[in-house]
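This note's numbering applies: residue 34 is where the sequence shown begins, and numbers increase by one.
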Amino acid sequence: MKQRISIFLVVLFFFCSISVQAAEVVKIGVLAKNGPAKVLKKWTATGEYLSQKLGKAVEIVPLDFDKVNAAIEGNTVDFFLINSSMFVTAKVKFGAAAIATMINSRQGQALEVFGGVIFTTAYNDSINSLADLKGKTFSAVKKSSFGGWQMAYKTIKDAGMDPFTDFAKVEFAGKHDNVVFAIQNEQAEAGTVRTDTLERMVASGAIAMEDFKIINKQSSSFPFVYSTTLYPEWPLAKTAATSDALAQEVVAALKQVKKDDPAAKKAKIIGWADPLDYGPVEELQQALSVGAFK
């Protein structure tokens, strides 16, 4: 009888252990702006790094644009990495909180902020300022793209125009490179992409910078051409249901990531910093009536 009880307890312990391990899976949702395969290629090494540091399984979950809010509201992920504007929506609507800001690596530069570029071809003499955009055709990435539309939208609105009524047409090309090619091929007269897009495409040989003219060009120590206010890079955030204790563990681990670690090199980042102030992003949403304030 005692032997049967012992066997029963061993079996019970075994299944309980399996249940605990299953419950220990930490899920990190990542915006799949270029498809799930690219998300996994970039961020699987970070998941493996965190698994080792935390002593529990970490799963990277690619999220399409239209799946992000449902995953956060339903707590089907514990943490998520999405663009700064989408994060503000999750913060206001679902109680999410930023726990770290990504330090991006673009053309060898370490960047905690980014912006938008408004541009036309170098040969378009009719567009030299924001005011000249009136009555012109304009190309952007997506309505939900922070650097590829919303930043420029705010800059244009601050200049006293509404693109949807003052421009001849606003079209969304889906990807940053598509916008650049649309301008290059004169399928649209002007457009906007996130900072470093033009420089990246120049470096790859796809375009020549001298073929383009930057509208409302700003000047600072920021290493790339830009036309808008600069805003904080993408945050890693936790859902409302995720414990502060687990979040602190994740942050402590991420702050140890070095730029030469596989987790950084695969993701094309330098590392992670304390979360920046996303208040200006929230102000942008309010001004444009988008995101949480739609």
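C-beta: ideal position from N, C-alpha, C; glycine also.
First through last residue of the alpha helix (DSSP H) which encompasses residue i
{"i": "Pro-308", "result": "Premise fails: Pro-308 is in no alpha helix (DSSP H) and is neither H nor E."}
{"i": "Pro-295", "result": "295 to 300"}
{"i": "Gln-142", "result": "Gln-142 -> not in any alpha helix (DSSP H); beta strand (DSSP E) instead, spanning 142 to 144."}
{"i": "Leu-242", "result": "Strictly speaking, residue 242 in this sequence is Met, with Leu absent from that position. From DSSP, Met-242 is part of no alpha helix (DSSP H); its letter is neither H nor E."}
{"i": "Thr-122", "result": "117 to 127"}
{"i": "Pro-268", "result": "Premise fails: Pro-268 lies in the beta strand (DSSP E), 268 to 271, not in any alpha helix (DSSP H)."}
Pairwise C-alpha distance: residue j and residue i
{"i": "Tyr-156", "j": "Phe-112", "result": "46 Å"}
{"i": "Ala-286", "j": "Phe-245", "result": "42 Å"}
{"i": "Ala-296", "j": "Glu-316", "result": "33 Å"}
{"i": "Ala-192", "j": "Tyr-259", "result": "16 Å"}
{"i": "Ala-70", "j": "Lys-187", "result": "32 Å"}
{"i": "Ala-141", "j": "Ile-303", "result": "Reading the sequence as shown, one finds Gly at residue 141 and not Ala. Looking at the two C-alpha atoms, the distance is approximately 9 Å."}
{"i": "Glu-232", "j": "Val-174", "result": "17 Å"}
{"i": "Ala-278", "j": "Trp-267", "result": "22 Å"}
{"i": "Gln-54", "j": "Ala-143", "result": "With a pLDDT of 42 at Gln-54, under the threshold of 50, the modelled position of this residue cannot be trusted; read the value that follows with caution. If I take the Cα positions, the gap works out to 37 Å."}
{"i": "Ile-189", "j": "Lys-327", "result": "18 Å"}
{"i": "Lys-60", "j": "Ile-115", "result": "14 Å"}
{"i": "Ser-118", "j": "Ala-236", "result": "28 Å"}
{"i": "Asn-249", "j": "Glu-57", "result": "50 Å"}
{"i": "Val-290", "j": "Val-226", "result": "29 Å"}
{"i": "Asp-165", "j": "Ser-159", "result": "7 Å"}
{"i": "Gln-319", "j": "Lys-86", "result": "39 Å"}
{"i": "Thr-77", "j": "Pro-95", "result": "10 Å"}
{"i": "Arg-139", "j": "Gly-62", "result": "23 Å"}
{"i": "Val-283", "j": "Glu-106", "result": "21 Å"}
{"i": "Ala-131", "j": "Asp-294", "result": "23 Å"}
{"i": "Ser-162", "j": "Glu-145", "result": "28 Å"}
Residue i (DSSP reduced to helix, strand or coil)
{"i": "Glu-92", "result": "strand"}
{"i": "Met-194", "result": "coil"}
{"i": "Val-284", "result": "helix"}
{"i": "Ala-236", "result": "helix"}
{"i": "Glu-106", "result": "helix"}
{"i": "Phe-152", "result": "strand"}
{"i": "Glu-204", "result": "strand"}
{"i": "Phe-171", "result": "strand"}
{"i": "Ala-223", "result": "strand"}
{"i": "Val-213", "result": "helix"}
{"i": "Phe-147", "result": "strand"}
{"i": "Tyr-82", "result": "helix"}
{"i": "Ile-189", "result": "helix"}
{"i": "Val-63", "result": "strand"}
{"i": "Lys-246", "result": "strand"}
Burial state of residue i (16 or more Cβ within 10 Å)
{"i": "Phe-197", "result": "exposed"}
{"i": "Glu-222", "result": "buried"}
{"i": "Ala-270", "result": "buried"}
{"i": "Asp-229", "result": "buried"}
{"i": "Lys-176", "result": "exposed"}
{"i": "Ser-178", "result": "buried"}
{"i": "Ala-300", "result": "buried"}
{"i": "Lys-292", "result": "exposed"}
{"i": "Lys-66", "result": "buried"}
{"i": "Asn-108", "result": "exposed"}
{"i": "Gly-312", "result": "exposed"}
{"i": "Gln-281", "result": "exposed"}
{"i": "Asn-137", "result": "buried"}
{"i": "Met-242", "result": "exposed"}
{"i": "Ala-274", "result": "exposed"}
Residue interval of the beta strand (DSSP E) (run including residue i)
{"i": "Phe-112", "result": "112 to 114"}
{"i": "Ser-260", "result": "No beta strand (DSSP E) holds Ser-260; DSSP gives it neither H nor E."}
{"i": "Thr-134", "result": "130 to 139"}
Quiz item: Are there three or more Cβ pairs, one per stretch, closer than 8 Å when the stretch 132 to 152 is compared with the stretch 195 to 207?
Solution: no
Quiz item: Between the stretch 166 to 181 and the stretch 251 to 260, are three or more C-beta pairs nearer than 8 Å?
Solution: no
Quiz prompt | Any 3 or more C-beta pairs closer than 8 Å across the stretch 119 to 131 and the stretch 90 to 97 | solution = no
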